[in-house]
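For reference, the structure discussed in these notes is given below.
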Amino acid sequence: DAGVTQSPTHLIKTRGQQVTLRCSPISGHKSVSWYQQVLGQGPQFIFQYYEKEERGRGNFPDRFSARQFPNYSSELNVNALLLGDSALYLCASSLYPTSGGNEQFFGPGTRLTVL
Amino acid sequence: DQQVKQNSPSLSVQEGRISILNCDYTNSMFDYFLWYKKYPAEGPTFLISISSIKDKNEDGRFTVFLNKSAKHLSLHIVPSQPGDSAVYFCAALPGRDSGGSNYKLTFGKGTLLTVNP
Chain E
1078 DAGVTQSPTH LIKTRGQQVT LRCSPISGHK SVSWYQQVLG QGPQFIFQYY EKEERGRGNF
1138 PDRFSARQFP NYSSELNVNA LLLGDSALYL CASSLYPTSG GNEQFFGPGT RLTVL
Chain C
52 DQQVKQNSPS LSVQEGRISI LNCDYTNSMF DYFLWYKKYP AEGPTFLISI SSIKDKNEDG
112 RFTVFLNKSA KHLSLHIVPS QPGDSAVYFC AALPGRDSGG SNYKLTFGKG TLLTVNP
């Protein structure tokens, strides 16, 4: 069975540009979460989507947005890129959005570099 | 304000010996804790978890201990193997009474474990 897949693997953008990152969850998983991992830090929660609805949002500016499609895949969009947006963007899928025994499974991530 | 802290950026042990990775948390709302392992160029992989109603959970070579009063947990790997060399993240989830935020994993900064042959 395929795990969580993300595309692209790497991306280089310049300040002010916009970027779209994509994620396909594990088959049967209905919840997708996005995390940002800056070098030297742990992943930080950005969004969670379940059944196409936003279930939660972390402490990120409105330049960050996301959506989930009927097939449960998801896109993360970042507008007006800043140098500080350079990070590894991780997507995680789980059966349901709630806690406790419902582990999230991560994809390999998209490495975004903003110049 | 770091709610999950891994104060050791790195740890080096000999193959066959025990590796002990530590994690402290400050948020009393956390009631489920997970350890993830991360290799370079890969996403974090779930390793083992523990609910706050337990103080120990074991899975093969991996054991997690939780001391709720001290807000401290640790991951023991026995015996350590060179393939265990990776970054280990401690993560926490709040409980179901946390006002709807019980989906949000909060991670520590990670500890780089190196197991020497």
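From first to last, the protein sequence lines stand for chains E and C. Count the first sequence with my numbering and you get residues 1078 to 1192, in order. Count the second sequence with my numbering and you get residues 52 to 168, in order. Ideal Cβ placement from N, Cα and C applies to all residues, glycine included.
When Cβ-Cβ separations below 8 Å define contact, L72 (chain C) makes no contact with chain E.
Per DSSP, the unbroken beta strand (DSSP E) holding G1133 (chain E) starts and ends at E1130 to R1134. At least one CB of chain E lies nearer than 8 Å to the CB of G161 (chain C). For A1169 (chain E), the enclosing beta strand (DSSP E) begins and ends at A1164 to S1171. Taking each of C:L164, C:L156 and C:T165 in turn and checking the Cα distance to F1122 (chain E), the smallest one comes out for C:L156. Closest option to F1183 (chain E), judged by alpha-carbon separation, among E:P1120, E:R1132 and E:L1116: E:P1120. Taking all protein chains shown into account, F1146 (chain E) has fewer than 16 neighbouring C-beta atoms within 10 Å of its C-beta and is therefore exposed. Relative to N58 (chain C), the option among C:L124, C:N118, C:L85 and C:R68 whose CA is nearest is C:L124.
Comparing alpha carbon positions, the residue from E:E1131, E:E1180, E:Q1094 and E:A1143 closest to F84 (chain C) is E:E1180.
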